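First residue of the sequence shown? That's 9 in my numbering, and the numbers climb one at a time after it.
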Amino acid sequence: LAIYLGLTGLYLAILRLLSPGERDQPSRPLIPIILLAWLACSGALMTTAPAGESHDIFDYLFRGRMMVEYQANPLAEVPDSYRTKPYIRYVAWQKYVDTYGPVWEMSSAGVAKGVRHIATGLGWWVDDDGGCPDSPAACRLLIMYLTGYRLLAVGLAGVSGGLIWSVVRRNRPSWGALALAGWLLNPMMLISSAVGGHNDMGMLMLVLLSWWLLQRGQLFLACLAIALAAHVKLIALIWLPACAFWIIWRYGWARGVKVGVASAVGALGLSWLLYLPFDGWQTLPRMLHERTLFLANSFWLIFKTTLINAWDWERARAHQWSVGLSGWLFVGGMLMTLLRMFNLRVKTAQTTASAFSPEEADRKLWHALTVVSWLYLLVGSFWFQHWYILWTLAPGVLCLERRFIRVVLPWMAYGALSANVAMNFLQATVFKTAPPMVNYIAAVAMIWGPTTIALLISVKAGWKGVMSHTRSPGEKHHPN
9 LAIYLGLTGL YLAILRLLSP GERDQPSRPL IPIILLAWLA CSGALMTTAP AGESHDIFDY
69 LFRGRMMVEY QANPLAEVPD SYRTKPYIRY VAWQKYVDTY GPVWEMSSAG VAKGVRHIAT
129 GLGWWVDDDG GCPDSPAACR LLIMYLTGYR LLAVGLAGVS GGLIWSVVRR NRPSWGALAL
189 AGWLLNPMML ISSAVGGHND MGMLMLVLLS WWLLQRGQLF LACLAIALAA HVKLIALIWL
249 PACAFWIIWR YGWARGVKVG VASAVGALGL SWLLYLPFDG WQTLPRMLHE RTLFLANSFW
309 LIFKTTLINA WDWERARAHQ WSVGLSGWLF VGGMLMTLLR MFNLRVKTAQ TTASAFSPEE
369 ADRKLWHALT VVSWLYLLVG SFWFQHWYIL WTLAPGVLCL ERRFIRVVLP WMAYGALSAN
429 VAMNFLQATV FKTAPPMVNY IAAVAMIWGP TTIALLISVK AGWKGVMSHT RSPGEKHHPN
């Protein structure tokens, strides 16, 4: 916890030092320093074992081997069907199909093929007659697989950083270095990529590519990029309504509808082709059903437990309400928020690309995407894991000129990382005999406690600034 606190303090200091304030010149000499710091941190973290960060990377490598070594379909077959194969002991989701899309499965198969090719060339390949930790050779091969998935995640994080820098510097050159550092040097991003090797990096890279294309007026390609991101993880679709509202707000209803229809047709055709090697769309119902079977680290788990224990609801009914209500509240809240932000009802034919400055259009989009991300994590997510904070980080670093975001984002990462490590300890010690509800409440409080405190302090400081400015009208007011 102290290490995480120190990293958070260092990250806050970096954001403060790189904040350009009233300077309007790009800080290009800083870019190589930021990149070197990111590579050094990533290299150091890649020497550590996944341990308590997440076991997802073990699921990735086993399912990658299922495709390459056993010609299996991870969207239709479960790891439990291969119980005698190496590395099965490390798989967390042994009796469930994979919850990811074909773009990720193809990427995972590519990593597995690459590892086999390199290991064979080095003479390190071992057949299925041994496993780790029984065979040192199998353990060495396991490390190669982990390194392959980590390198993929770190590389995708770097590409995402390049997209973020390009997006921000297009209309705000002086903020490019801050945005790049805000992404690459965030403790959550570093740990999730270089330790956990999470496939969120692939989804977010495609999502950021979509926003990069939107900024440049390539609307159809931007929508296809989001469709591709959804074929890594379906959660990418939470940003689609905000992008659609922004397109209509900036370009008008006629062009918005035209782009929407063309994108829907193109995305469906692309989806059909991507799922074709994996038995088609018939694999989706089981995956979607299994994804809603569990609740974790969220208010909705507390809500479900309360319905069962305090009000004697049936477990199945309480679960259905918890999952369904979270989704409907998010959708309703998102639509009301977007309608209020974009106010489409009063837009007329004057709503064209020339009606708004590029910087104003950018600011509107990044703000909407950030709000949607936060709303989903707070309301719509009945299953929460610490690396989900990356979903708020990606749009958040695009609008770091807002002091509020610069303050709150680091503490969101700190709360999620701290809860992950602290709850592992507490459940094995202090809370070992405690009722489950105690664990649920403690987890949610630890995740969101630092963010809430930072939010209150930021609001209080902002209010004091407003009052001070009101008392001293002759004093120059800083935009931040």
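Backbone N, C-alpha and C define an ideal beta-carbon position, used for all residues, glycine too. The structure displayed is predicted, hence computed values, not measured ones.
Alpha carbon of V380 to alpha carbon of A402, nearest angstrom
Stepping through the sequence shown from its first residue, residue 380 is reached at position 372. Stepping through the sequence shown from its first residue, residue 402 is reached at position 394. Approximately 12 Å between the Cα atoms of the pair.
Hey, would you say G184 sits closer than 8 Å to W173, going by beta carbons?
If you number the sequence shown from 1, residue 184 lands on position 176. If you number the sequence shown from 1, residue 173 lands on position 165. Yes. Within cutoff.
Straight-line CA distance for R414 to I234?
Taking the sequence shown and counting its residues from 1, one reaches residue 414 at position 406. Taking the sequence shown and counting its residues from 1, one reaches residue 234 at position 226. Those two C-alpha atoms are separated by around 26 Å.
Rounded to whole angstroms, what is the Cα-Cα separation between M211 and G14?
For this step, residue 211 is matched to residue 203 along the sequence shown. For this step, residue 14 is matched to residue 6 along the sequence shown. Taking the straight line joining both Cα atoms gives about 29 Å.
In angstroms with no decimal places, state the Cα-to-Cα distance between H206 and P37.
Reading the sequence shown from its first residue, position 198 is the one you call residue 206. Reading the sequence shown from its first residue, position 29 is the one you call residue 37. Rounded to whole angstroms, the separation of the alpha carbons of P37 and H206 is 31 Å.
Cα-Cα separation, G335 to G341
Within the sequence shown, residue 335 is the residue found at index 327, counting from 1. Within the sequence shown, residue 341 is the residue found at index 333, counting from 1. Cα to Cα, the separation comes out at about 10 Å.
Does the beta-carbon distance from M431 to A462 come in below 8 Å?
Here the question's residue 431 lines up with position 423 in the sequence shown. Here the question's residue 462 lines up with position 454 in the sequence shown. For M431 and A462, no; Cβs fall outside 8 Å.
How about L281 and M213: are their beta carbons less than 8 Å apart?
Within the sequence shown, the letter at position 273 stands for residue 281. Within the sequence shown, the letter at position 205 stands for residue 213. With contacts defined by Cβ atoms closer than 8 Å, L281 and M213 do not form a contacting pair.
On the DSSP bridge list, what partners appear for W391?
For the purposes of this step, residue 391 is taken as the residue at position 383 of the sequence shown. Looking at the DSSP output, W391 shares a beta bridge with A304.
Figure out for me which residue from T92, Y90, S143 and W374 has the closest Cα to the Cα of F253.
Here the question's residue 253 lines up with position 245 in the sequence shown. For the residues T92, Y90, S143 and W374, the minimum Cα distance to F253 belongs to W374.
Using a 10 Å radius around the Cβ and a threshold of 16 neighbouring Cβ atoms, would you call I455 buried or exposed?
One-based indexing of the sequence shown puts residue 455 at position 447. It counts as buried.
What does a CB cutoff of less than 7 Å around A146 pick up in its chain, not counting 5 residues either side in sequence?
Indexing the sequence shown from 1 puts residue 146 at position 138. These residues qualify, in order along the chain: P94, V134, G138, G139 and C140.
Within 8 Å, strictly: CB atoms of Y98 and Y157
Counting from 1 along the sequence shown, the entry for residue 98 is found at position 90. Counting from 1 along the sequence shown, the entry for residue 157 is found at position 149. No, the Cβ-Cβ distance between Y98 and Y157 is not below 8 Å.
Under three-state DSSP, which class holds E113?
On the sequence shown, residue 113 is found 105 positions in, with the first residue counted as 1. Residue state, collapsed to three classes: helix.
How big is the Cα-Cα spacing for A237 and T441?
Taking the first residue of the sequence shown as position 1, residue 237 is located at position 229. Taking the first residue of the sequence shown as position 1, residue 441 is located at position 433. A direct Cα-Cα distance of roughly 42 Å separates A237 from T441.
Between which two residues does the alpha helix (DSSP H) harbouring M54 extend?
Counting from one through the sequence shown, the residue named residue 54 turns up at place 46. Unbroken run through M54: none, as it is neither H nor E.
Could you check the C-alpha separation between I11 and P195 for me, to the nearest Å?
Mapped onto the sequence shown, residue 11 falls at position 3. Mapped onto the sequence shown, residue 195 falls at position 187. Distance between I11 and P195, taken at the CA atoms: about 10 Å.
CB contact flag (G204, S62, <8 Å):
In the sequence shown, counting from the first residue as 1, residue 204 sits at position 196. In the sequence shown, counting from the first residue as 1, residue 62 sits at position 54. Yes, the pair counts as a contact, with Cβ atoms nearer than the cut-off.
Using 8 Å as the threshold, is the C-beta distance between S50 and S200 below it?
Taking the first residue of the sequence shown as 1, we reach residue 50 at position 42. Taking the first residue of the sequence shown as 1, we reach residue 200 at position 192. In this structure, S200 does not lie closer than 8 Å to S50 by Cβ.
C-alpha gap between I39 and L20, whole angstroms
Residue mapping note: residue 39 aligns to position 31 of the sequence shown, counting from 1. Residue mapping note: residue 20 aligns to position 12 of the sequence shown, counting from 1. So the alpha carbons of these two residues sit roughly 18 Å apart.
Alpha carbons only, please: which of L248, M197 and L309 is nearest the one belonging to Y422?
Translated into positions along the sequence shown, residue 422 becomes position 414. The residue among L248, M197 and L309 with its C-alpha nearest the C-alpha of Y422 is M197.
Using the three-state DSSP reduction, which class does P249 fall into: helix, strand or coil?
The residue you call residue 249 lines up with position 241 of the sequence shown. Helix at P249.
Once DSSP output is grouped into helix, strand and coil, what is the label at S330?
Along the sequence shown, one-based indexing puts residue 330 at 322. Helix, per DSSP.
The alpha helix (DSSP H) with D88 in it runs from where to where?
Position 80 of the sequence shown, counting from 1, holds the residue named residue 88. D88 -> no alpha helix (DSSP H), and no H or E assigned at all.
Report the three-state DSSP secondary structure of P293 (helix, strand or coil).
Within the sequence shown, numbered from 1, the residue matching residue 293 stands at position 285. When secondary structure is reduced to three states using DSSP, P293 falls in the helix class.
For a test of your reading of the model: does the CB of L434 fall under 7 Å from any non-hydrogen atom of the ligand NAD? Yes or no.
Because no ligand of any kind appears in the structure shown, any question about the ligand NAD cannot be addressed here.
By DSSP, does Q226 sit in helix, in strand, or in coil?
What you label residue 226 is simply residue 218 of the sequence shown in a count that begins at 1. Coil, per DSSP.
Would DSSP call H63 helix, strand or coil?
As a first step, residue 63 must be located in the sequence shown, where it is residue number 55. Correct three-state label for H63: coil.
Inspect the CB distances between the stretch 70 to 81 and the stretch 102 to 118 and report whether three or more fall short of 8 Å.
The stretch 70 to 81 is in contact with the stretch 102 to 118.
By the three-class DSSP mapping on this structure, what secondary structure does K266 have?
Taking the sequence shown and counting its residues from 1, the one referred to as residue 266 is at position 258. In this structure, K266 counts as helix in the three-state DSSP scheme.
8 Å contact criterion, which E367 and N179 should meet: CB distance rounded
Position 359 of the sequence shown, counted from the start, is the residue given in the question as residue 367. Position 171 of the sequence shown, counted from the start, is the residue given in the question as residue 179. Cβ-Cβ separation between E367 and N179: approximately 4 Å, consistent with a contact (criterion under 8 Å).
Assuming the contact rule is C-beta atoms closer than 8 Å, V267 and W220 should be a hit. Round their C-beta distance to whole Å, please.
As a working mapping, residue 267 is identified with position 259 in the sequence shown. As a working mapping, residue 220 is identified with position 212 in the sequence shown. No, V267 and W220 are not in contact; Cβ-Cβ is about 17 Å, not under 8 Å.
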